[in-house]
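Residue numbers (the working numbering): 264 to 672.
Listed below in structure tokens is the structure:
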């Protein structure tokens, strides 16, 4: 397939934009669509896309959602929810249609954005940056975009540590430094419990994949990784305090006490409870596309009615398109996981880590439904998956001189 500079630059822009306000992410989205339409070999890209494991699940997801949309009732949020679902699938098609070289350019953009973000956090810790829409989500924790940046930091930290053994010289030092810097942000600035859970799950998955044929070393390394991650998270005041607060909120919600809008885990408990009720009442077809907000407002008092998503995309789809809708969403996003796990090299390892990161984020937040998270995290995960489906490891040469994986040798 021929390479086109405009598509490379658009992929680079989107990779860089992942840490920045959602408007820049939408700009990068449009830029990549325009670049592919203007310069891309659409037929070759389509043939490549059809070879991806997500192709048929994405069509089934769209087909079932379209059927529910056609037959179901209309709500105030029907149009916006349908557009969000279409945006999710279109992103999948766009990124998986990138060539390996274009995907590497997206990785370069992501690394550049990470470097700039780490510098901003360091500057903020030294002198204190004034409030700004440009960098607030990077240097101060609060809001979904800030959560997205914390999750991206977690994915970057684990990915960097996995890539480092493949690199040599300064490249290896840089990868380790960026990973430690990302972990430092989670310790000092973005106190996200979800991000630390992702570090734990992703690090454990990476170790298991690396040592899959060495059971004793695998178990020992896994135990060390888990213990280290838990120790860092639980001993850090910002993370520890939020964990204790979250447990208290769940206990209070379970006991039937009123849940305030400022409660994080407490309101999630209520969101999951009420959304599961919706699914239980209509398990096959759900309540219709866009129905969640309407049903939620009927089931809670005015204090909680302002929430507009269940903070779990599988429940979001299940309430609106039934259990089949939720299962098809899971199949679509996780279709690349078996192939990535079967690979015994770095490409497969990064694919496993990225897809598990997404699954954790989907189960704890609206990581696809919310564009401030989905336009960033979904893009990066898909780039990692795209590279995990590349037959050879030659793409790693674009990052630095790789060492050959022992498993491949």
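Virtual Cβ for every residue (Gly too), placed ideally from N, Cα, C.
Query	Result
Between which residues of its own chain and residue 332 is the CB-CB distance below 7 Å, once the five residues before and five after are set aside?	345, 552
Would you call the stretch 356 to 376 in contact with the stretch 278 to 293, where contact means no fewer than 3 C-beta pairs closer than 8 Å?	yes
Could you name each continuous alpha helix (DSSP H) segment of 4 residues or more that falls completely within the stretch 383 to 423, going from the start of the chain to the end?	399 to 402
Would you call the stretch 326 to 341 and the stretch 569 to 587 touching, i.e. three or more CB-CB distances under 8 Å?	yes
For a test of the three-state rule: what should DSSP assign to residue 678, helix, strand or coil?	Because the chain in this structure spans residues 264 to 672, residue 678 falls outside the shown range and cannot be described.
In chain order, what residues of the same chain have a beta carbon less than 6 Å from the beta carbon of residue 538, not counting five sequence neighbours either side?	573, 578, 582
Nearest CA to the CA of residue 292: which residue from 270, 420, 622?	270
If you draw a straight line from the alpha carbon of residue 279 to that of residue 641, how long is it in whole angstroms?	14 Å
Quick check on residue 347: buried or exposed, where buried means 16 or more other Cβ atoms within 10 Å of its Cβ?	buried
Out of 453, 470, 423, which has the shortest C-alpha to C-alpha gap to residue 370?	423
Does the pairing of the stretch 306 to 320 with the stretch 348 to 364 give three or more beta-carbon distances under 8 Å?	yes
Would the stretch 392 to 401 count as touching the stretch 595 to 611 if we require 3 or more Cβ pairs under 8 Å?	no
Is it true that the CB of residue 571 sits closer than 7 Å to the CB of residue 556?	yes
Return the Cβ separation of residue 623 and residue 421 in integer angstroms, given the expectation that the two are a contact with Cβ distance under 8 Å.	About 12 Å; that fails the 8 Å criterion.
My assumption, with CB atoms under 8 Å, is that residue 372 sits in contact with residue 277. Please give the rounded CB distance.	7 Å
What does the alpha-carbon distance come out to for the pair residue 590 and residue 638?	22 Å
Short of 7 Å in beta carbon distance, which residues of its chain neighbour residue 554, apart from the five on each side in sequence? Order them along the chain.	338, 582, 583
With DSSP run on the structure shown, which of helix, strand or coil describes residue 362?	coil
Going straight from the alpha carbon of residue 653 to that of residue 451, what length do you get?	37 Å
In whole angstroms, give me the CA-to-CA distance for residue 362 and residue 322.	21 Å
Output the distance between the C-alpha atoms of residue 425 and residue 566, rounded to the nearest integer angstrom.	45 Å
Go ahead and pull the three-state DSSP assignment for residue 607.	coil
What whole-angstrom Cβ distance do residue 410 and residue 455 have, given they're in contact under 8 Å?	6 Å
For the alpha helix (DSSP H) holding residue 559, just list the boundary residues, first then last.	555 to 562
Considering only residues of the same chain and omitting the five flanking positions on each side of residue 365, which have a CB-CB separation below 6 Å?	270, 271, 274
For residue 561, does the count of other Cβ atoms within 10 angstroms reach 16, so buried, or fall short, so exposed?	exposed
How many angstroms separate the CA atom of residue 440 from the CA atom of residue 625?	29 Å
Tell me whether the beta-carbon of residue 649 lies closer than 7 Å to the beta-carbon of residue 359.	yes
For residue 534 and residue 630, I'd like the C-alpha separation in whole angstroms.	15 Å
Could you check if residue 436 is buried or exposed, using at least 16 other CB atoms within 10 Å of its CB as the buried criterion?	exposed
Would DSSP call residue 378 helix, strand or coil?	helix
According to the neighbour-count rule (16 or more other Cβ atoms, all chains shown, within 10 Å of its Cβ), is residue 446 buried or exposed?	buried
For residue 570, name the three-state secondary structure that DSSP assigns.	coil
If you check the beta carbons only, do residue 443 and residue 404 fall under 7 Å apart?	no
What's the gap between the Cα of residue 313 and the Cα of residue 438?	33 Å
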